[in-house]
Amino acid sequence: MATTTAHDHAHDHSHDHSHDHAPGGLLRYLTTTNHKDIGTMYLCFAFAMFFIGGAMALGIRAELFQPGLQYMQPEFFNSLTTVHALVMIFGAVMPAFVGFANWLIPMQIGAADMAFPRMNNWSFWIMIPAAILLLSTFFVPGGAAASGWTLYPPLVIQGGIGVDMSILALHLLGASSIMGSINIITTLLNLRAPGMTLMKMPLFCWTWLITAYLLIATMPVLAGAITMLLTDRHFGTSFFNAAGGGDPTMFMHIFWFFGHPEVYILILPAFGIVSSIIPAFARKPLFGYASMVYATGSIAILSFIVWGHHMFTVGMPAAGQLFFMYATMLIAVPTGVKIFNWIATMWRGSLTFETPMLFCIGFLCMFTLGGFSGLVLSIVAVDITLHNTYYVVAHFHYVLFPGAIWGLTAAVYFYLPKFTGKMYNETLGKWHFWISAIAFNVTFFPQHFLGLAGMPRRIPDYALQYAEWNAISTIGAFALGFSQLIFLYNVVTTIRSGEKAKDKQWDGADSLEWTHLPSPVPYHTFETPPVLK
Amino acid sequence: MQKMTNFFRRCALFGANVGKIVFLCLISLPVIASYDVNIPQPASPIAVQIYDLHMYILWVCATIFVVVFGFMFYSIFKFRHSKGAKPDVNFHESTLIEIIWTIIPFIILIAMAVPATKTILDMKDTSSPDMTIKVTGFQWGWRYDYSAEHFGFYSNLTTPWNQIGQPGTGPTEKQGSDYLLEVDNPLVVPVGKRVRLLITSNDVIHGWYVPQLGINQYGIPGFIKDVWFKADKVGTFKGQCSQICGKLHGYMPITVIVKTDAEYADWVEKSKAIWSTKSPSATPVAAAPAEDDNKTFTMAEAKEKGEKVYSANCAACHQATGKGMPPAFPSLAGSKVVLGASDQQIGVLLNGRPGTAMQSFARLSNSEVAAVITYTKNSFGNSVGKVIQPADIKAARK
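Chains as they are written, first to last, in numbering that gives the first Met the number 0: chain A, 0 to 532; chain B, 0 to 397.
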């Protein structure tokens, strides 16, 4: 082990030297193998996609402001819902987490860089053609995929070339995720500094280790499913066509076998981030570190046996419904443990409420609300009346926006001082939080009511009894969308002209990047492994 | 059980009212009676169980939320750095507490799972029905077949496109109270009978969803799934397609009318006369109502009837102007198919174009198909001058 470390170190060192004379400008970023550069590129990419996906969401909400068709054809509306989801999941949230993984994992375990720096470069740059392919589907004959992001056949078989381009884009994004995951797992298992045992790693490393395994297990499943779609579309196979002996339901099973773990891929790294931030502002260690690790592991394992809860209305037998219901309900136990641990971390702490902490507290409340509506949906009979209604839309936005997005937002505010050496504007940060929190709830809380009252999702137009809540929801959505511009402004001005940040900006932050490294962190860190207590 | 039900109903009402008022105060909008906030009034035993289950779980969750976040907000106020709170750095592990807060949620979950399991078993028991109806979804409407009575019919949206509107201009006519929920031929069932539905689809996956009857079931092409309900009371119950099925997914509503036995028997007699499928050659889906097949249209008659058929069936995709939205929905103005030999156009209407959104319109009557073809050949700047007769369509069907 020692020799391996020494070897890797020597290798990285020689590599570093070439960087000192590396090209500048665009070529620097094209050829870079530095984990911080790559992390930055991932984060910028994700930020851009976040705004593109958000603009699509505003298009959706604008059409839904009033009953009737005002702004777009139903087919284009369906494309917007489809591509909004794909862009947010594969373009914004996943790359953003990989960006933080790139920045933080080597620093938090005392490594000089990621294990496979060149593959790291590739896994970023492969996403650019994928994003171009995905977004350009709006401009090809037939338009973008309009089947919902779940791409259920036979509907998706009717789509035009936009569907094929989206499938190819998903293949590329999947390949990127798999490469990123291999890199993260290898780094975490092999490049830890002496003394950094697995159970001493910050929880962000742990949640990413588990997430990376989820990605490796499920991305190939997605790839298989969409390849079968492709051959059904063009090469006369009948995997999902009953007339040829196939079954559309099989696609749902395969898709959701990927899709449910994917949900945890989107949230586990956020759990890790929150587990770093809350202790920092409570000024005491994370409560129940070991149980946090076990809870994350349990959630990941359970995530493989609950996929059927997305399909309670396909007409599966009672035994199947019961199994998937019980398994789904069980997830509440480890998730509850995590929530309790975070609250216990705050208990008897010494709390301050800077922007990252505000977003984490928002995360706790709103994510738990989304968890509860998930529990409601897990009850098969109740799901029958709520399946594919706005209740489901409200549910997953409650777990994904305050969950994944606020987790990431908190991380941006928390780490900007460390990454850039400059402090963000605290007042603007607080405005950003409060407007987001209010606007988010105005947007999505009424959608619970819409769903309970029976409004189906993915419709561009609706009956008159849904008009008032939809109008309110749209007003909230625009406030939410535009409040993110405060975020953008704050980040840009911090980078350009923020005040100088301290090396240890946050009192209670105790991982290596805060205790062993200056702000801003140098281009190369831990060329010799840190000495741990 | 009845008491429990009433209790939950009242709690629901109270919760709903409190929710309404609090929320409305927050956003300071005038109180409007149509702010629906809960599952609509259930009308079948299963729907009642669903309603009660939801209220039960909602209240359990609300209680947990208040208790758990009570602790958090207490911490937020009590343990503030600004108030000089000193962190208790040794309080970061407690096996006892951790075991307790693993076991308690587990027990609560069991308390939820028991009633939930009972409802599933009731819901899935489709045995000994009093009657069976086959439901077939298609892009974009429903067909109902009363197989035992040998009749069946299509059920389509009747909301005029002027109320729905066009992108850019919006609706040009005031929307009626049943906007997007009105159909030409509703499903009719007798009250108090166990009705079994066999649900399938002709093209893509659809969802037959009527919340008040407690049913939401995908129709999957090539497969038949069954569900059941027993309507408790006479009335009209509305629903919509619940699974995205293409362009007009939002425009395929469901209406179920529950009648007394006597009224239902009457309706069946009338329906048999209109929609009989008894002729041995007629397959249910391709069967078209035999409506004045022997009529000979003049150009004016055909165009008048054709325009109505066109706006009900074609205008959503090919547009009222006939310009369509290429390439998904081709223009009919100047189209080779429309301007060319009528055989080809008749073939497209009767068989559809597989693999595209152009479905088969074989369900329309011969006179309707004839009229709409005549209309397209002589409108939007097209002037073929030929009048297609119902007999031509009848001949083409063979």
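Ideal placement from N, C-alpha and C gives every residue a C-beta, glycine not left out. It should be emphasised that the depicted structure is a prediction, and the values quoted were computed from it without experimental measurement.
- Query: By a C-beta neighbour count over all protein chains shown, 10 Å radius and 16 as the cutoff for buried, is residue 126 of chain A buried or exposed?
  - Reply: buried
- Message: Less than 8 Å between CB atoms is the rule here; does residue 136 of chain B satisfy it with respect to chain A?
- Response: no
- For the region 124 to 203 of chain B, which segments carrying the alpha helix (DSSP H) assignment without a break, of at least 4 residues, lie completely within its bounds, in sequence order? 160 to 163
- Continuous alpha helix (DSSP H) stretch holding residue 227 of chain B: start and end: No alpha helix (DSSP H) contains residue 227 of chain B, which is instead part of the beta strand (DSSP E) from 224 to 229.
- Quick one: give me the first and last residue of the alpha helix (DSSP H) that residue 215 of chain B is part of. Note, residue 215 of chain B: premise wrong, no alpha helix (DSSP H); beta strand (DSSP E) at 214 to 218.
- Item | 8 Å Cβ shell around residue 152 of chain B - same chain, five flanking residues per side excluded | 142, 143, 184, 270, 273, 274
- Query: Can residue 43 of chain A and residue 104 of chain A be called in contact, C-beta distance under 8 Å?
  - Reply: no
- Query: Looking at the C-beta of residue 183 of chain B, does it have a partner C-beta in chain A at a distance below 8 Å?
  - Reply: no
- List the residues of chain A that residue 79 of chain B touches, going by C-beta distances under 9 Å, in chain order. 349, 350, 351, 352
- Return the chain-ordered ranges of every beta strand (DSSP E) run that is complete within the region 145 to 191 of chain A and spans a minimum of 3 residues. none
- Task: Assign residue 351 of chain A to one of three DSSP states: helix, strand, or coil.
- Result: coil
- Coil, strand or helix - residue 239 of chain B by DSSP: strand
- Run down chain A in chain order and give the residues with a C-beta less than 7 Å from the C-beta of residue 221 of chain B. 241, 242
- Query: Which value, in whole angstroms, describes the spacing of the CA atoms of residue 497 of chain A and residue 424 of chain A?
  - Reply: 8 Å
- Query: Closest to residue 119 of chain B by CA distance: which of A:494, A:391, A:314, A:400 is it?
  - Reply: A:314
- Give the interface partners of residue 214 of chain A over in chain B, defined as CB-CB distance under 7 Å, in chain order. What residue 214 of chain A touches in chain B: nothing, since even the nearest Cβ is about 27 Å away.
- Mind listing the chain E neighbours of residue 360 of chain B? Cutoff is C-beta to C-beta under 9 Å, in chain order. Among the protein chains of the structure shown, namely A and B, there is no chain E.
- Please report the residue range of the alpha helix (DSSP H) in which residue 398 of chain A lies. 389 to 398
- Message: Residues in the same chain with beta-carbon distance under 8 Å from residue 220 of chain B, minus the five sequence neighbours each way, listed in chain order, please.
- Response: 199, 200, 201, 202, 203, 204
- Can you tell me where the alpha helix (DSSP H) with residue 269 of chain B in it begins and where it stops? 260 to 274
- Query: Which value, in whole angstroms, describes the spacing of the CA atoms of residue 61 of chain B and residue 521 of chain A?
  - Reply: 48 Å
- Where does residue 28 of chain B land, buried or exposed, given buried means 16+ other C-beta within 10 angstroms? Confidence at residue 28 of chain B is low in this model, with a pLDDT of 48, below 50, so its placement is unreliable and the value that follows should be read with caution. Per the 10 Å Cβ criterion, exposed.
- Query: At a Cβ cut of 9 Å, what residues of the region 448 to 464 of chain A count as close to chain B, listed as they run along the chain?
  - Reply: 448, 449, 451, 452, 453, 454, 455, 456, 457, 458, 459, 460, 461, 462, 463, 464
- Query: Looking only at C-alpha atoms, which of A:114, A:184, A:380, A:150 sits nearest to residue 51 of chain B?
  - Reply: A:380
- Assigned secondary structure, residue 513 of chain A (DSSP; H/G/I helix, E/B strand, else coil): helix
- Message: If you follow the alpha helix (DSSP H) that residue 69 of chain B is in, where does it begin and where does it stop?
- Response: 44 to 77
- With 16 other CB atoms within 10 Å as the buried threshold, where does residue 606 of chain A fall? Given that chain A is displayed from residue 0 to residue 532, the structure contains no residue 606 of chain A and the question cannot be resolved.
- Select from A:118, A:432, A:387 the residue whose C-alpha is nearest the C-alpha of residue 454 of chain A. A:387
- Would you mind working out which of B:240, B:315, B:81 sits nearest residue 136 of chain B, comparing C-alpha positions? B:240
- Measure the beta-carbon distance from residue 449 of chain A to residue 56 of chain B and round it to whole angstroms, keeping in mind my assumption that it falls under 8 Å. Not really, about 19 Å apart at Cβ, beyond 8 Å.
- Boundaries of the alpha helix (DSSP H) in which residue 209 of chain B is found, first to last residue: First-last for residue 209 of chain B: 205 to 209, but that is the beta strand (DSSP E), not the alpha helix (DSSP H).
- Task: Whole angstroms is fine: what's the gap from residue 116 of chain A's alpha carbon to residue 486 of chain A's?
- Result: 31 Å
- Would residue 259 of chain A be called buried (16 or more neighbouring beta carbons within 10 Å of its own) or exposed? buried
- Query: Where do the ends of the alpha helix (DSSP H) carrying residue 107 of chain A lie?
  - Reply: 93 to 108
- Query: Using a Cβ-Cβ distance under 8 Å, would residue 91 of chain B count as near chain A?
  - Reply: yes
- What three-state label does DSSP hand residue 333 of chain A in the structure shown? helix
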